[in-house]
Every structure is written in structure tokens, then in C-alpha cells.
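Below: the structure, in C-alpha cells.
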């Protein structure tokens with residue numbers, strides 16, 4: 549009877565996973581990341597094989613390293629010791645099939661087999677995902693592009709792999725914008741999550757600060773001194789077309805998009821006697837609406853994911869603390885009470901938490917707190933300052949800047965503060981990382 | 800013969816060293832000139848002071864006796880010594896009755912970029928408000944915040960931070 553049940557369950561599992569992607573919500577068949585006693589999923593990734601054309605150990609190495617980096621960031625996989633399957637026991641054989649017993653013997657519950665073919669300036673990559681427990685190919689993907697797009701192909705595969713195994717797409721097709729003064733002045737840059745494909749977005753040669761992404765990942769809103777006083781601009785990351793959002797007298801700083809993309813919240817000290825208060829404006833810069841009043845500093849607004857509330861920093865209580873209000877102002881509630889300097893809030897994509905910066909023993913550290921003010925937890929500590937936290941689109945990771953090694957560098961960590969990892973790539977004195985929403989690499 | 804070769808050998812050194820000595824003399828005479836000049840007036844060989852002012856378009860007010868004032872950490876209120884300095888700055892503004900100045904608010908590097916931009920704005924504006932209370936027309940007093948972006952002292956210690964928490968004055972027109 550029990551045996552029959554198990555078989556039935558397997559049939560159901562097979563039916564669910566075999567359904568074409570996108571048409572139904574995939575069941576969390578393989579990995580339930582929220583399950584108690586969750587164990588990391590054992591996965592084998594043999595070396596990529598040549599599918600024609602010349603051999604390239606560079607491509608093999610980069611494919612492996614990109615996969616290892618993505619799967620490490622994913623945090624739910626255990627890569628089965630590659631020495632158990634190196635050299636590739638299936639080299640010379642078709643990559644669309646596999647001998648499941650090889651992988652079961654080394655303890656892998658899934659195996660990713662990839663191959664590549666270089667012809668002229670184009671690169672073709674094929675990658676297949678196999679379920680070694682149920683002995684079936686789950687699916688395969690073919691990617692074509694330039695040699696430089698190899699890491700994007702792996703990121704696309706890793707995003708789909710996450711969708712398949714956890715029911716939620718990965719975040720590997722996303723970018724991190726940041727500020728660095730590589731050529732003497734602070735400018736806005738962005739990069740892939742693995743630190744590759746660095747791109748300099750602004751060339752204002754003044755002081756550019758505080759990048760923040762639009763919800764579709766196509767625009768960045770930022771603060772620039774290019775017209776002498778700090779004003780807010782929104783720039784298209786592909787066409788570079790730009791418009792001013794707020795250029796009032798005084799300061800116009802700390803912009804951030806609403807989840808629908810229709811409004812931009814920011815701080816302005818707009819009129820002569822006004823203190824730095826929070827406003828919203830439409831995406832075209834019109835429809836100005838004032839949200840806060842009074843003789844205090846109100847900065848760094850960040851919308852809740854449903855767009856109904858805004859968290860921000862205010863010193864209305866004497867020292868900078870994190871507050872929450874309605875998206876049209878009003879119903880202001882303080883949520884941080886420990887420490888004398890709490891700033892830089894960012895609302896989590898799931899809506900339940902706010903990450904922020906607090907002072908701790910003369911340093912600045914990243915903290916996380918529940919929206920209701922409970923569960924305050926410090927995530928960083930040790931040398932240097934850790935600042936400017938920003939959530940990954942799935943809310944599982946946080947990027948932040950750190951001076952632990954001297955100059956400012958960009959790091960990521962898990963939402964519980966573990967696995968703090970430097971993103972290799974950016975140079976200069978980096979700050980203000982902002983994680984983009986999910987995008988599709990073309 | 801031997802001597803000739805020696806002379807030729809040394810002449811290779813003589814010319815450059817002459818050059819170096821003359822350069823040194825030139826430098827000394829230049830610095831000398833500076834010392835004789837009025838304060839900072841004679842620095843540089845270009846068009847003068849206006850060129851060296853960064854990054855605004857104004858002239859460094861310190862050159863005309865408009866002294867910077869300093870602030871406590873995370874504060875934009877004016878200490879009594881800051882008020883004394885502002886009183887003497889107001890005297891200058893009364894003497895130069897057409898001058899338009901810009902008040903820059905600055906912060907130390909600690910804390911958040913955005914909060915510091917706002918704090919710098921508050922420092923500049925509380926400075927302006929005090930000058931207005933001393934009778935200076937507010938249209939002659941522009942404000943600008945640089946937050947923590949333009950430290951006076953690049954150090955990472957309390958003495959550098961204290962210098963960097965300041966309101967600085969530039970002269971936009973006289």
C-alpha cells in the first residue's frame with residue numbers, strides 16, 4: 549500500500565514537472581526552500597564538452613566558474629566534489645543523454661551537462677538538466693551569441709534552473725548599479741551580479757550619486773551636481789536619453805521609483821524656508837506632491853512592494869531613525885528605537901522587512917528589521933563601514949558597500965548576513981550599490 | 800687629451816645641473832614673491848585666484864576674510880564661536896554691500912551620503928538664517944550642500960572630521 553502511494557506520488561511529480569514551462573505555475577517539486585530541516589540539493593556539473601569547432605579551455609573554465617558562482621549565490625545547492633567526475637566520464641558522448649548510474653553513485657540528484665561550439669565569431673552553447681533520481685532529462689536549452697555573452701547564457705540557464713527546482717525564477721539576469729570615481733569624479737556604473745560587464749552610465753564629470761532602478765530595469769534615477777546644485781535625473785540605461793525629475797532650489801536627492809514605476813519619491817528642500825522633506829513626482833517630473841512637513845530632515849524614501857507605504861529616514865525625534873508612512877503621506881510611525889543613527893532604509897521585495905544602516909560602536913553596519921519594528925538584527929560587523937544595503941529581486945540576497953579592505957567595495961550577502969562575498973570586478977572607491985529588478989539579457 | 804675627454808664627460812652633467820640650479824632659484828624667487836604678496840593673492844602663474852576655486856564658480860571667501868564655521872556631529876545649530884565668526888562675516892557683507900555670496904554646507908564622511916546632503920543643506924540654511932537675522936538681505940545669500948562629497952581634510956579621524964563639518968563661503972559677485 550505504501551509502495552503504491554510512493555509510485556502514485558512519483559507519477560504526479562512527473563506529470564507536474566513535465567508540463568511546459570510558463571503555462572502553469574510549477575510546483576516546488578525538488579527543493580522546498582522553506583521546509584524545515586532543508587538540506588542543500590546535491591548537483592553535479594561535469595566540464596563543458598566541445599560540440600564541434602575548436603577546443604577552448606577558456607570557455608570551459610568560464611562556463612564552470614560562472615555556474616559555480618551562480619549556484620553559490622543561489623545558496624541551496626551543494627556541488628558534488630568535481631574530482632569524483634573529472635575527467636568527464638561522459639566526454640565524447642551525446643550531452644542530451646546521460647548514464648544516470650554514474651551520477652547516482654557520486655551522490656548527485658541532478659546533473660547539468662553542457663557543451664559549446666565556436667564557429668567564427670559566434671558561440672553556440674547547449675545545456676541539459678537531468679533528474680538522476682527519476683532518471684529523466686528535465687529540459688535542455690540552446691543559446692547562440694558572441695563569445696562575450698557566455699556568462700549571460702549561463703545566467704539564463706541558472707534562472708530557469710531555479711524556476712524549475714524552486715518554483716521561483718533566479719536573479720542572475722539582474723544588474724547592480726553603483727557609484728565610483730574611476731576617473732576622478734563620482735559617476736554611475738552598473739555591472740552583472742558576478743561583477744562582469746562593467747558599464748559606465750554617466751559622464752557628467754561632476755558628482756553623481758544614489759542610483760536607483762525603475763521597476764522594469766530600463767531606467768536609473770540618480771542625483772547629479774551637473775547643474776551645480778544636486779538635482780534628480782532619470783536616464784534610460786540603453787538609449788541614455790535623460791530627463792530631469794526634480795531641479796528645485798535647494799537640494800533634490802535620494803530618488804526612488806514606486807513599484808508601478810509611475811511615481812518617483814525623493815527629498816527636496818524646495819522652498820527657501822523648507823526643510824529637506826519628502827515629495828513624489830510623476831515619471832515625467834510633473835504632478836509634484838509633498839508628503840512630509842516640519843522642521844526635520846526626511847530623506848531616503850523607499851516604497852513597500854505593494855506601493856501603499858513608504859519607509860524613510862527622519863531626524864524628527866532628535867536623531868536619524870527609520871519611519872514608515874502612507875504613500876500619500878500621513879500615518880507616520882517610527883520603527884527603529886535602538887542606536888542613535890539609523891539611515892538608508894530599503895523595503896524588501898517580499899514586503900515584510902526593511903534593511904538599513906545603523907551605527908554600532910563607532911562604525912556603520914547593515915541591519916534588518918521587520919516592518920512592525922520587531923526582530924531587529926545586525927547583519928555585518930568587524931572592520932570598516934558597511935553601508936547602502938539593497939535587496940536582490942527575490943529578497944534572498946543583499947548587496948552593500950564595505951570599506952573592510954580600505955577602499956569602498958561592493959559585496960553581497962544572504963538575507964541573514966551569512967556568506968559575505970566581495971563582487972570581483974568594480975574598482976575605484978565604490979559605494980551606493982542598487983540591485984535592479986529581474987531583466988532579460990538579450 | 801685625457802683632460803679634454805674628462806671635460807666632455809663632465810659637461811654632460813654640467814648642463815643639467817645648471818638647469819636644476821636655475822629652476823631652484825626660480826622657485827625660490829617665486830615663493831619669495833608669494834610671501835611678499837597679500838596672503839594667498841599671488842599663488843599660481845595663471846589668471847590668479849579665480850582659477851583655483853573648485854568646484855563652484857565663486858571665489859574662496861577665506862581670501863577676503865570670510866571665515867568658515869564648524870559644527871558638531873549631526874548638528875546644524877550654531878555654536879557661540881560660530882556666531883562670532885558670522886558676525887564678522889556680516890560686517891564684511893555690510894562693507895561690500897553689493898556682494899552676493901554662496902554658503903556651502905559640508906559634513907564629515909561618517910554616516911549616509913543622502914542624510915549628509917540634507918544635513919549640509921540644513922547647515923548652509925541655518926548659517927544663512929543667522930546672517931539674515933543680522934540684517935543681511937537674503938537675496939545676497941545663496942545656499943548649496945555638498946554633504947560629505949568635498950572634505951577639506953581627507954583624513955579618517957576626529958580632527959579631520961571636525962574640520963570637515965563646516966559652512967564655507969564663496970563670493971559669487973562683488
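Residue numbers (my numbering), protein chains in the order written: chain D, 549 to 990; chain A, 800 to 973. Glycine included, each C-beta is placed from N, C-alpha and C at the ideal position.
- Item | Neighbour-count burial assignment, residue 800(D), 16 or more Cβ in a 10 Å radius | As a position in the first chain, residue 800(D) is number 252, starting the count at 1. Buried, since its Cβ has 16 or more Cβ neighbours within 10 Å.
- Helix, strand or coil for residue 572(D) per DSSP? Counting from one through the first chain, the residue named residue 572(D) turns up at place 24. Note that residue 572(D) has pLDDT 41, beneath the 50 cutoff, so the model's placement of it is unreliable and no number is given.
- Item | Residues from the segment 912 to 931 of chain A in contact with chain D, defined by Cβ distance under 7 Å | Here the close residues are 912, 913, 914, 916, 917, 918, 920 and 921.
- Query: What is the C-beta distance between residue 678(D) and residue 625(D), in whole angstroms, given that I count them as a contact (C-beta under 8 Å)?
  - Reply: For the purposes of this step, residue 678(D) is taken as the residue at position 130 of the first chain. For the purposes of this step, residue 625(D) is taken as the residue at position 77 of the first chain. Their Cβ separation, rounded to whole angstroms, is 15 Å, which puts residue 678(D) and residue 625(D) out of contact at 8 Å.
- Message: If contacts are defined as beta-carbon pairs under 8 Å, then residue 870(D) and residue 861(D) qualify, I think. What distance do you get, rounded to the angstrom?
- Response: The residue you call residue 870(D) lines up with position 322 of the first chain. The residue you call residue 861(D) lines up with position 313 of the first chain. With a Cβ gap of about 6 Å, residue 870(D) and residue 861(D) count as contacting.
- Message: Pop quiz: residue 939(A) and residue 900(A) are said to be a contact at Cβ under 8 Å. What is the actual Cβ separation, rounded to whole angstroms?
- Response: Taking the second chain and counting its residues from 1, the one referred to as residue 939(A) is at position 140. Taking the second chain and counting its residues from 1, the one referred to as residue 900(A) is at position 101. Confirmed, about 7 Å.
- Item | Below-8 Å beta-carbon distance, residue 938(D) vs any chain A residue | Numbered from its first residue, the first chain carries residue 938(D) at position 390. Not one chain A Cβ lies under 8 Å of residue 938(D).
- Item | Where residue 989(D) falls: helix, strand or coil (DSSP) | Translated into the one-based positions of the first chain, residue 989(D) becomes position 441. Reduced to three states, the DSSP call for residue 989(D) is coil.
- Message: Residues of chain D with CB closer than 9 Å to the CB of residue 880(A), please, in chain order.
- Response: To locate residue 880(A), count along the second chain from 1; it is residue 81. Those within 9 Å of residue 880(A) in chain D number zero; the least Cβ separation is about 23 Å.
- Please name the residue, chosen from 849(D), 629(D), 838(D) and 781(D), that lies closest to residue 902(D) on a Cα-to-Cα basis. Start at 1 with the first residue of the first chain, and residue 902(D) comes out as number 354. The candidate whose alpha carbon is nearest that of residue 902(D) is 849(D).
- Message: Within 10 Å of its beta-carbon, does residue 975(D) have 16 or more other beta-carbons around it, so buried, or fewer, so exposed?
- Response: For the purposes of this step, residue 975(D) is taken as residue 427 along the first chain, with counting starting at 1. By the neighbour-count definition (other C-beta atoms within 10 Å, threshold 16), residue 975(D) is an exposed residue.
- Just the Cα atoms here: how many angstroms apart are residue 886(A) and residue 888(D)? Position 87 of the second chain, counted from the first residue, corresponds to residue 886(A). Position 340 of the first chain, counted from the first residue, corresponds to residue 888(D). Approximately 33 Å between the Cα atoms of the pair.
- Which word fits residue 667(D), buried or exposed, when buried means at least 16 other C-beta atoms lie within 10 angstroms of its C-beta? Position 119 of the first chain, counted from the start, is the residue given in the question as residue 667(D). Its Cβ having fewer than 16 others within 10 Å, residue 667(D) is exposed.
- Message: Give me the chain A residues within the contact set of residue 750(D), using Cβ-Cβ distance strictly less than 7 Å, ordered along the chain.
- Response: For this step, residue 750(D) is matched to residue 202 along the first chain. Those do not exist, as residue 750(D) stays about 15 Å from chain A at its closest Cβ, beyond 7 Å.
- Say yes only if the C-beta of residue 815(D) is nearer than 7 Å to one or more non-hydrogen atoms of the ligand HEM, and no if none qualify. Absence of the ligand HEM from the depicted structure is noted, as is the absence of any ligand whatsoever, leaving it without description.
- Message: Between residue 948(A) and chain D, is the shortest Cβ-Cβ distance under 8 Å, so that the two count as touching?
- Response: As a position in the second chain, residue 948(A) is number 149, starting the count at 1. Yes, residue 948(A) counts as interfacial toward chain D.
- Message: Please report whether the beta-carbon of residue 910(A) lies at a distance below 8 Å from any beta-carbon of chain D.
- Response: To locate residue 910(A), count along the second chain from 1; it is residue 111. Yes, because at least one Cβ of chain D sits closer than 8 Å to the Cβ of residue 910(A).
- Item | CA-to-CA distance, residue 616(D) to residue 982(D), given in whole angstroms | Mapped onto the first chain, residue 982(D) falls at position 434. Mapped onto the first chain, residue 616(D) falls at position 68. For residue 982(D) and residue 616(D), the distance between alpha carbons rounds to 23 Å.
- Short check: CB of residue 890(D) to CB of residue 908(D), under 8 Å? Translated into the one-based positions of the first chain, residue 890(D) becomes position 342. Translated into the one-based positions of the first chain, residue 908(D) becomes position 360. Contact flag unset, no.
- Which residue from 868(A), 903(A) and 934(A) puts its Cα closest to that of residue 776(D)? Residue numbering aside, residue 776(D) sits at position 228 when the first chain is read from its first letter. When each option's Cα is compared against that of residue 776(D), the closest is 903(A).
- Report the residues of the segment 807 to 825 of chain D with a CB closer than 8 Å to any CB of chain A, ordered along the chain. 815, 817, 820, 823 and 824
- Query: How long is the line joining the alpha carbons of residue 977(D) and residue 682(D), rounded to whole angstroms?
  - Reply: Taking the first chain and counting its residues from 1, the one referred to as residue 977(D) is at position 429. Taking the first chain and counting its residues from 1, the one referred to as residue 682(D) is at position 134. So the alpha carbons of these two residues sit roughly 50 Å apart.
- Message: For a test of the three-state rule: what should DSSP assign to residue 742(D), helix, strand or coil?
- Response: Position 194 of the first chain holds residue 742(D). Here residue 742(D) sits in coil by DSSP.
- Segment limits, beta strand (DSSP E) that includes residue 961(D): In the first chain, residue 961(D) corresponds to position 413, counting from 1. Segment 957 to 962, the beta strand (DSSP E) holding residue 961(D).
- Sequence-distant residues of its chain with Cβ nearer than 8 Å to residue 837(A) (five each side left out): Here residue 837(A) corresponds to residue number 38 of the second chain, with the count starting at 1. Only weak support is given to the placement of residue 837(A): the predicted model assigns it a pLDDT of 32, under 50, and the value that follows is read from those uncertain coordinates. Nothing meets the Cβ criterion.
- Message: With three or more beta-carbon pairs closer than 8 Å as the criterion, would you say the segment 725 to 735 of chain D touches the segment 702 to 712 of chain D?
- Response: no
- Query: When the Cα of residue 896(D) is compared with those of 942(D), 804(D) and 656(D), which residue comes out closest?
  - Reply: Within the first chain, numbered from 1, the residue matching residue 896(D) stands at position 348. The shortest C-alpha separation from residue 896(D) is found at 942(D).
- Task: Spell out the partners DSSP gives residue 679(D) in its beta bridges.
- Result: Position 131 of the first chain holds residue 679(D). Within the DSSP bridge table, the entry for residue 679(D) names 658(D) and 684(D) as partners.
- Message: Determine whether the beta carbon atoms of residue 926(D) and residue 935(D) lie at a separation below 8 Å.
- Response: For the purposes of this step, residue 926(D) is taken as the residue at position 378 of the first chain. For the purposes of this step, residue 935(D) is taken as the residue at position 387 of the first chain. Contact: no.
- Message: For residue 958(A), would you say it is in contact with chain D, using Cβ-to-Cβ distances shorter than 8 Å as the test?
- Response: As a first step, residue 958(A) is located in the second chain; it is residue number 159 there, counting from the start. It does not; no Cβ of chain D falls within 8 Å.
- At a CB-CB cut-off below 8 Å, which residues of chain D make contact with residue 951(A)? Looking up residue 951(A) in the second chain gives position 152. The premise fails here: residue 951(A) is roughly 16 Å from chain D at the closest Cβ pair, so nothing lies under 8 Å.
- For residue 919(A), which three-state DSSP category applies? Looking up residue 919(A) in the second chain gives position 120. Residue 919(A): helix per DSSP, three-state reduction.
- Task: Alpha carbon to alpha carbon, how far is residue 959(D) from residue 970(D)? Give it in angstroms, no decimals.
- Result: In the first chain, the residue the question calls residue 970(D) occupies position 422. In the first chain, the residue the question calls residue 959(D) occupies position 411. If you take the alpha carbons of residue 970(D) and residue 959(D), they lie about 4 Å apart.
- Can the beta-carbon of residue 912(A) be found less than 8 Å from the beta-carbon of residue 946(A)? In the second chain, residue 912(A) corresponds to position 113, counting from 1. In the second chain, residue 946(A) corresponds to position 147, counting from 1. A contact, by the Cβ cut-off of 8 Å.
- Taking the continuous alpha helix (DSSP H) assigned at residue 702(D), which residues delimit it? Counted from its first residue, the first chain places residue 702(D) at position 154. 698 to 714 is the span of the alpha helix (DSSP H), which, as asked, contains residue 702(D).
- Leaving out five residues before and five after residue 578(D) in sequence, what residues of the same chain have Cβ atoms less than 7 Å from its Cβ? Against the first chain, residue 578(D) aligns to sequence position 30. So the list reads 589 and 713, once near-sequence residues are dropped.
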